[in-house]
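Here the structure comes first, spelled out in structure tokens, and everything after it is commentary.
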Amino acid sequence: MVSITLNGQKMEVSADKTLLEIARENGIDIPTLCYNKKLKTFAGCRMCIVEITGRKTLASSCSTRPLEGMIVQTNSDKVLKSRKEILDLLISNHPEDLFSQVKVGNNKFQEYAKEYEVSKGSYDGEKNNYEIDDVNAVYIRDLSKCILCGQCVNSCDQIQISHTIDFLGKGFNTKVGTAFDLPISIDNCRLCGQCVSVCPTGALIHKQLANVEPSTIKKVRTTCPFCGTGCNFDLNVVDGKVVGVTPLEEATVNSTALCVKGRYHTDMLNSDRRLTTPLIKKDGVFVEATYDEAFDYISKKVSEIKEKYGPESLAGLSSARCVNEDNYIFQKLFRVGFGNNNIDHCART
Ligand code: SF4
Ligand code: SF4
Ligand code: FES
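Using my numbering, read the sequence shown as starting at 19 and increasing by one per residue.
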């Protein structure tokens, strides 16, 4: 432990933590664009700078650990002025539409620009102007809006262990891209969407949510029904219709990680190909039926099969997506109702 003074308050803190972690634990908010607690320290954006008495330069709090006697200011005039300058530089190389662009979920860059009242960049000069990459099925990359925070690169590498993307080029021409700078596709990417959920700008956007106005969204926290892992996320609901999901950093099981099904399955909910009523084949054609008709039909057919071929002729495959009670009843149906143990489920192997 070491003793420091943080914004005028003396405290004993762990020397193993960073100034950013210590500040946040003590309810002091410091803005960050490249920091992600699930990733190794990157310290590339400088938004988290703080003033340390006796040091000539401001220090990035996400990569600085406390030393005995350190006096730290997180919101001094010098710090606030420098943060504004950092935003000004970033916005100067950013398309004009910073405040009109819409991004559901993480859009810290826009929030900080509003908070620090930097509506447009004051530096004239060339801006990066990249072609939009939207050839894959699920997300759009608009690299002109990228601030090179590295969160996508590091998440792909350290969370997804895919290493699909990396920094390409040097200096002003640095950008994030794939090997040979090819568009994102199923040939080079899992399309897991992890990079999209950590991107703090509108550079990476899920297609599902690209044209949704954030203020119309109602968030409904839920647990994914696809498998037994139990990932948590927020459903984005507009007018009673689910339009996409947003993962939650604080979700204990999964944080911002989700599989492809969890991240994008909401398309299926609204698909016009979805079965919404039982179908019974009559004269070779499926026709709509009520649930009572369907259950009567199943019961009659299953009884006939058991009668004719014996109990061992029947088997059941249950699902990890069902709740425990459903699976319990299902095995009971086979063991007690049909008199066999021919029961299995999709998650066993
Ligand atoms: S979608 Fe997943 S695999 Fe593809 S670049 Fe993003 S994080 Fe990497
Ligand atoms: S695409 Fe987004 S997450 Fe990736 S470096 Fe650019 S701003 Fe950061
Ligand atoms: S958050 Fe510390 S340098 Fe980016």
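Don't be surprised by glycine CBs; every beta carbon is placed ideally from N, CA and C.
Query raised in the report: Is any heavy atom of ligand 1 found at a distance shorter than 7 Å from the C-beta of isoleucine 179?
Result: Within the sequence shown, numbered from 1, the residue matching residue 179 stands at position 161. No, Cβ of isoleucine 179 sits at least 7 Å from all heavy atoms of ligand 1.
Query - Contact belief for leucine 24 with isoleucine 46 at Cβ below 8 Å, rounded distance in angstroms - result: Mapped onto the sequence shown, residue 24 falls at position 6. Mapped onto the sequence shown, residue 46 falls at position 28. Contact between leucine 24 and isoleucine 46 is confirmed by a C-beta separation of about 7 Å, below the 8 Å threshold.
**Report entry** Residue list, Cβ distance to ligand 3 heavy atoms smaller than 6 Å
**Finding:** Thr50, Leu51, Cys52, Tyr53, Ala61, Gly62, Cys63, Arg64, Met65, Cys66, Ser78, Cys80
Report task. Could you check which residue in Ala131, Phe117, Asn125, Thr82 has the C-alpha nearest to that of leucine 98? Result -> Here residue 98 refers to the residue found at position 80 when the sequence shown is read from its first residue. Closest in alpha carbon position to leucine 98, among Ala131, Phe117, Asn125, Thr82, is Ala131.
Query raised in the report: Taking 7 Å as the line, does the beta carbon of threonine 368 fall inside it for any heavy atom of ligand 2?
Result: Since the first residue shown for the chain is 19 and the last is 367, residue 368 is missing from the structure and cannot be characterised.
Query raised in the report: If you follow the beta strand (DSSP E) that arginine 159 is part of, which residue opens it and which one closes it?
Result: Within the sequence shown, numbered from 1, the residue matching residue 159 stands at position 141. Run containing arginine 159: 157-159, per the beta strand (DSSP E) assignment.
Query raised in the report: Taking 7 Å as the cut-off, is the CB of alanine 221 close to at least one heavy atom of ligand 2?
Result: Along the sequence shown, one-based indexing puts residue 221 at 203. True, at least one ligand heavy atom lies under 7 Å from that Cβ.
Query raised in the report: Under 8 Å between the Cβ atoms of aspartate 106 and valine 136?
Result: One-based indexing of the sequence shown puts residue 106 at position 88. One-based indexing of the sequence shown puts residue 136 at position 118. Cβ atoms of aspartate 106 and valine 136: closer than 8 Å.
**Report entry** Three-state secondary structure (DSSP) of glutamate 371
**Finding:** The structure shown does not extend to residue 371, since the chain is modelled only from 19 through 367, so no value can be given for it.
Requested in this report: State buried or exposed for lysine 350, treating a residue as buried only when at least 16 other CB atoms are found within 10 Å of its CB.
Outcome: Here residue 350 corresponds to residue number 332 of the sequence shown, with the count starting at 1. That one is exposed.
Query - Where serine 21 falls: helix, strand or coil (DSSP) - result: Stepping through the sequence shown from its first residue, residue 21 is reached at position 3. Looking at serine 21 - three-state DSSP - the assignment turns out to be strand.
Report task. Report yes if the CB atom of isoleucine 150 is closer than 8 Å to the CB atom of proline 84, and no otherwise. Result -> Residue mapping note: residue 150 aligns to position 132 of the sequence shown, counting from 1. Residue mapping note: residue 84 aligns to position 66 of the sequence shown, counting from 1. Cβ distance not < 8 Å, so isoleucine 150 and proline 84 don't count as in contact.
Requested in this report: Taking 8 Å as the cut-off, decide whether the C-beta atoms of valine 156 and histidine 224 are in contact.
Outcome: Taking the first residue of the sequence shown as 1, we reach residue 156 at position 138. Taking the first residue of the sequence shown as 1, we reach residue 224 at position 206. Valine 156 is a Cβ neighbour of histidine 224, given a cutoff of 8 Å.
Query raised in the report: If you draw a straight line from the alpha carbon of threonine 50 to that of valine 68, how long is it in whole angstroms?
Result: Sequence index remark: in the sequence shown, residue 50 carries index 32 (1-based). Sequence index remark: in the sequence shown, residue 68 carries index 50 (1-based). So the two alpha carbons sit approximately 12 Å from each other.
Requested in this report: Give the DSSP bridge partners of threonine 11, in chain order.
Outcome: Lying before the first or after the last residue shown, residue 11 is absent from the chain, which here runs from 19 to 367.
Query raised in the report: In the DSSP assignment, what residue or residues form a beta bridge with serine 336?
Result: By 1-based counting over the sequence shown, the position of residue 336 is 318. Per DSSP, His363.
Query - From Leu209, Val122, Pro201, residue whose alpha carbon lies closest to that of cysteine 277 - result: Against the sequence shown, residue 277 aligns to sequence position 259. Considering only alpha carbons, the answer is Leu209.
Report task. For proline 218, verify whether its CB is less than 7 Å away from any heavy atom of ligand 2. Result -> As a working mapping, residue 218 is identified with position 200 in the sequence shown. Result yes, Cβ under 7 Å from ligand 2.
Requested in this report: Check whether the Cβ atoms of leucine 222 and arginine 159 sit closer than 8 Å, and answer yes or no.
Outcome: Start at 1 with the first residue of the sequence shown, and residue 222 comes out as number 204. Start at 1 with the first residue of the sequence shown, and residue 159 comes out as number 141. Taking 8 Å as the Cβ cut-off, leucine 222 and arginine 159 qualify as a contacting pair.
Requested in this report: Return helix, strand or coil for isoleucine 298, following the three-state DSSP convention.
Outcome: As a first step, residue 298 must be located in the sequence shown, where it is residue number 280. In this structure, isoleucine 298 counts as strand in the three-state DSSP scheme.
Query raised in the report: Would a C-beta distance cut-off of 8 Å place phenylalanine 356 and leucine 332 closer than the cut-off?
Result: As a first step, residue 356 is located in the sequence shown; it is residue number 338 there, counting from the start. As a first step, residue 332 is located in the sequence shown; it is residue number 314 there, counting from the start. Yes, Cβ-Cβ distance for phenylalanine 356 and leucine 332 is below 8 Å.
Report task. Indicate the three-state DSSP secondary structure (helix, strand or coil) for threonine 234 in the structure shown. Result -> Translated into positions along the sequence shown, residue 234 becomes position 216. DSSP places threonine 234 in helix when its eight states are reduced to three.
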